[in-house]
Structures are given as structure tokens and as C-alpha cells.
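Each remark here refers to the structure printed beneath this line.
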Amino acid sequence: MSNPLASNGPTIERVESWIISIPTIRAHALSMATTSEQRIVLVKITTSNGDFGWGEATTIGGLAYGDESPDSIKLTIDRYFADMLIGRSILRPALAMAAINQSCVGNYFAKCAVETALLDCLGKHTEMPLSELLGGRLHDRLSVAWTLASGNTERDIAEGREMIAARRHNIFKLKIGKNHWQDDLAHVRKICDALGEQASIRVDVNQAWDLPTAQKAIPALTEAGVELVEQPMRGADHAGARELRLLGTAAIMADEALRGGVEPALAICVSRSADAISLKIAQAGGLTPCRDVARIGVAAGLSLYGGTMLEGSVGTAASAHLFSTLPNITWGTELFGPLLLTRDFLTTPLTYDDFSLVVPTGPGLGIEIDEAAVSECAET
Ligand code: MUC
Ligand code: MG
3 MSNPLASNGP TIERVESWII SIPTIRAHAL SMATTSEQRI VLVKITTSNG
53 DFGWGEATTI GGLAYGDESP DSIKLTIDRY FADMLIGRSI LRPALAMAAI
103 NQSCVGNYFA KCAVETALLD CLGKHTEMPL SELLGGRLHD RLSVAWTLAS
153 GNTERDIAEG REMIAARRHN IFKLKIGKNH WQDDLAHVRK ICDALGEQAS
203 IRVDVNQAWD LPTAQKAIPA LTEAGVELVE QPMRGADHAG ARELRLLGTA
253 AIMADEALRG GVEPALAICV SRSADAISLK IAQAGGLTPC RDVARIGVAA
303 GLSLYGGTML EGSVGTAASA HLFSTLPNIT WGTELFGPLL LTRDFLTTPL
353 TYDDFSLVVP TGPGLGIEID EAAVSECAET
């Protein structure tokens with residue numbers, strides 16, 4: 003077989019993007035926003051030999067979670083990144099991303115979408131799954147948590163029971179931080195009592211607490227059965243997070259603190275302000291920076307979790323490829339985004355069974371986009 007990397011290869015001819023809107027199966031209530039619809043940015047890169055690659059950037063609650071909105075991501079890609087990509091060889095995704103990084107700071111979600119599409123093109127051209135391009139797959143399946151966030155305790159318990167019975171999820175993340183901490187504690191305790199024997203229960207506070215609240219709440223939540231507390235306070239408060247770690251109760255996980263990739267990851271390691279880190283390809287600015295975040299974390303003795311921005315199938319497949327290459331994802335993943343949406347935009351949906359997601363095996367992302375579905379959901 004001839005070496006597909008021996009020439010300059012096909013070049014990038016077209017970069018297109020869409021915002022597609024898909025309602026969620028129920029309202030998803032987080033401390034800073036309640037989501038009932040996901041606005042997903044999809045990017046398609048078409049190459050001179052007629053191949054194409056797809057990427058995705060999805061935010062939670064518009065601008066409630068981060069400083070990039072679906073609209074700003076689309077604009078950044080169309081107005082700034084597209085011209086930097088047209089005419090480049092698809093064999094050199096790192097060179098393309100280096101050019102973008104050189105002339106554009108921040109914009110991590112937009113960079114992630116484009117890097118994913120570039121790697122999808124390369125993977126299809128070389129007939130290699132993304133996981134192999136990213137260092138080599140170690141796992142064919144990833145365990146997947148579900149977030150109980152209907153805003154109603156009884157409904158969350160019923161949902162959790164259904165998930166366990168269907169063998170879809172036995173790890174649950176509860177979204178708290180919107181109410182007084184003692185009300186949240188009562189909610190969590192009921193869920194731990196109902197499901198805790200059969201499931202691992204974690205909470206995500208999405209930065210809602212101050213230090214005195216967190217110092218009271220975390221030991222009480224641990225006592226109720228919570229194993230892991232995600233981002234209890236502002237991401238920038240490393241000193242406070244370190245105090246929480248030193249309580250020696252539930253493990254403390256950094257999420258929003260990692261926005262921006264390797265530099266914040268290093269700051270967390272230096273300050274020893276987390277036990278675990280939530281890896282998110284969008285928050286890191288792409289798959290390769292996210293892989294670097296994982297390596298930095300592992301070197302500092304942190305345990306890993308495969309996070310999500312509640313992406314649809316493209317971002318979820320991309321994340322799965324990366325996470326499948328990591329030796330030890332101690333806390334599993336939460337790659338359930340497509341299951342929260344009322345419709346999919348793949349010709350064949352991703353496979354979830356036996357409490358896990360099956361990592362696609364085909365070239366590139368290993369998925370096929372249903373372009374008619376994309377057109378139907380696209381905002382005009
Ligand atoms: C977050 O903060 O982790 C991930 C799962 C979920 O329900 O919300 C997201 C965001
Ligand atoms: Mg989180």
C-alpha cells in the first residue's frame with residue numbers, strides 16, 4: 003500500500019458551519035442555567051478529493067457556562083479560521099492549528115470544532131480511526147454517567163431507577179448549587195438512599211458556592227454517600243479548592259477551572275487544588291491540547307474523568323476517541339450528550355449498552371452524518 007502521507011495530499015477546499023437547534027428530552031437544570039434546547043455548531047471541511055471531515059462545538063446555556071456562544075463560535079470559524087485553512091494540506095492538521103493559534107487567542111470551542119474536523123479528514127484519508135491518530139486505543143468501551151437534573155427529586159429517582167434497570171447508567175451526577183445548600187443536601191440524600199446501593203453518586207456545583215458553604219456542605223454530602231464533588235467554587239479559587247481537598251472527605255474535581263487547557267491544568271497541579279480533573283475537549287481548545295491536559299494531570303498524580311459539554315454525536319465521538327487512548331480514566335466518563343437530545347444527526351447512532359459507550363471503529367470519527375437531518379435542524 004502506498005504511503006498516504008508521502009505527498010502533500012489533498013487540500014482544504016471549503017469550510018462550512020451551521021448552528022443546529024435540538025430540544026432536549028427534558029429540561030436540564032444546572033446551577034447557572036436550565037437548558038431545554040441545545041444549539042450545536044457543526045463544521046464541515048471539504049477536501050480537494052471530495053472527502054470531508056466534521057467537527058462540533060456545543061456550549062451549555064448559551065453564554066451561561068463559558069464566554070463563547072454558538073453564534074460567536076460560528077462567526078469565528080466563518081470569518082477568521084476558514085481563510086487560514088483553505089488551500090492547506092489535510093495531512094498537516096497540527097500545522098493548520100499552529101497557524102490558527104498563532105493569530106487567534108482564546109476561542110477554545112471554535113478551535114476544538116475545527117481541529118476535530120481536520121483530524122476526521124486525516125483519519126478518513128489514512129483510513130485510521132481518530133483514536134489511532136491520537137496515540138492508540140486502549141479501550142473499546144467507556145463507562146458513561148448520566149446527569150439527574152430534572153429539578154425534581156422524585157422524577158430524578160424514577161429516572162435513575164429506569165437507567166439502572168435498562169443497564170444504561172449506574173453512575174449519576176446530580177446538579178446542585180442553585181438552592182440553599184441544606185435543601186440541596188436533602189435532595190441528594192434522598193437520591194443516595196434510593197439509588198446509592200446500586201450506583202455511584204457524584205455532585206456538580208458549577209462554581210455556585212463560597213468557601214464557608216463548601217466547607218459545611220461537602221462533609222455532609224460525603225456522609226450522605228457522595229463520592230465526588232465537581233467544581234464547588236469559582237474555578238480561579240485554587241487556594242480555596244485546596245482547603246476543600248484537605249478536608250479529606252469526597253474527592254474534589256476541577257471542571258471550569260480547566261478552561262483554557264494546559265496552563266490552567268498546570269496551575270491546578272502546582273496548587274494541588276484538585277484530586278481529579280474533568281477532561282473536556284472544547285474547554286481545552288481541542289483533542290491534542292486535551293490529551294496534554296490529561297498527561298499533565300497524570301504526571302501530577304491527579305485522576306481523570308471524561309467530561310462533556312453536552313455535545314451531540316460529533317463532539318461525543320471525538321471525545322470518546324481521545325478518552326479511549328488514556329490508560330486510566332478512574333472516574334469514567336459522562337459522554338451521554340446525544341441521549342439528552344430529542345433527535346440525532348447520524349445515519350447510525352452511537353451505541354450505548356451495558357453501562358457504556360462503544361467507541362466507533364471506522365476511519366476518522368467513525369460516524370456518518372445525516373446531512374438531511376442537519377439541514378432540517380439548521381437555524382436560518
Ligand atoms: C458540567 O458542568 O459538567 C456535563 C454534564 C452535565 O449534565 O452538564 C455538563 C456540564
Ligand atoms: Mg461540571
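Okay, so the sequence shown: first residue is 3 according to my numbering, each after it adds one.
Virtual Cβ for every residue (Gly too), placed ideally from N, Cα, C.
Here's the rule I'm using: 16 or more other beta-carbon atoms within 10 Å means buried, otherwise exposed. How should residue i be labelled?
i	result
residue 109	buried
residue 340	buried
residue 335	buried
residue 291	buried
residue 208	buried
residue 1	With the chain represented from 3 up to 382, any question about residue 1 goes unanswered, as that position is not in the structure.
residue 296	buried
residue 200	exposed
residue 45	buried
residue 285	buried
residue 37	buried
residue 261	buried
residue 298	buried
residue 214	exposed
residue 409	Because the chain spans 3 through 382 in this model, residue 409 falls outside it and cannot be assessed.
residue 161	buried
residue 27	exposed
residue 40	buried
residue 389	There is simply no residue 389 to check, as the chain begins at 3 and stops at 382 in what is shown.
residue 313	buried
residue 112	buried
residue 315	buried
residue 96	exposed
How is the alpha helix (DSSP H) around residue i delimited, first residue to last?
i	result
residue 116	110-128
residue 358	Not the alpha helix (DSSP H): residue 358 falls in the beta strand (DSSP E), residues 358-360.
residue 369	Careful: residue 369 lies outside any alpha helix (DSSP H) and carries neither H nor E.
residue 265	264-273
residue 215	213-226
Taking 8 Å as the threshold (C-beta atoms), are residue j and residue i in contact?
i	j	result
residue 257	residue 273	no
residue 232	residue 191	no
residue 249	residue 270	no
residue 326	residue 133	yes
residue 67	residue 60	no
residue 72	residue 43	yes
residue 331	residue 120	no
residue 22	residue 379	yes
residue 366	residue 55	yes
residue 303	residue 311	no
residue 210	residue 179	yes
residue 131	residue 364	yes
residue 229	residue 253	yes
residue 338	residue 148	yes
residue 128	residue 7	yes
residue 369	residue 301	no
residue 10	residue 93	yes
residue 206	residue 247	no
residue 244	residue 202	no
residue 52	residue 116	no
residue 187	residue 150	no
residue 169	residue 355	yes
residue 139	residue 361	yes
residue 141	residue 357	no
residue 29	residue 153	yes
Would you kindly report the start and end of the unbroken beta strand (DSSP E) that includes residue i?
i	result
residue 242	Element bounds for residue 242: not the beta strand (DSSP E) but the alpha helix (DSSP H), 240-247.
residue 254	253-256
residue 230	230-232
Can you confirm whether residue i, when its beta carbon is compared against all beta carbons of chain D, has any partner nearer than 8 Å?
i	result
residue 157	The structure shown contains no chain D, having only a single protein chain.
Requested in this report: Collect the residues with a C-beta less than 5 Å away from any heavy atom of the ligand MG and give them in sequence order along the chain.
Outcome: 206, 232 and 257
**Report entry** Ordered list of alpha helix (DSSP H) runs contained in the segment 277-314, each at least 4 residues
**Finding:** 283-286 and 289-301
**Report entry** Those runs of the alpha helix (DSSP H) which lie wholly inside the segment 13-99 and span at least 4 residues
**Finding:** 72-77 and 84-87
Requested in this report: May I have a chain-ordered list of the alpha helix (DSSP H) segments no shorter than 4 residues that lie completely inside the segment 128-206?
Outcome: Unbroken alpha helix (DSSP H) runs of no fewer than 4 residues, entirely contained in the segment 128-206, are found at 132-135, 155-167 and 183-197, following chain order.
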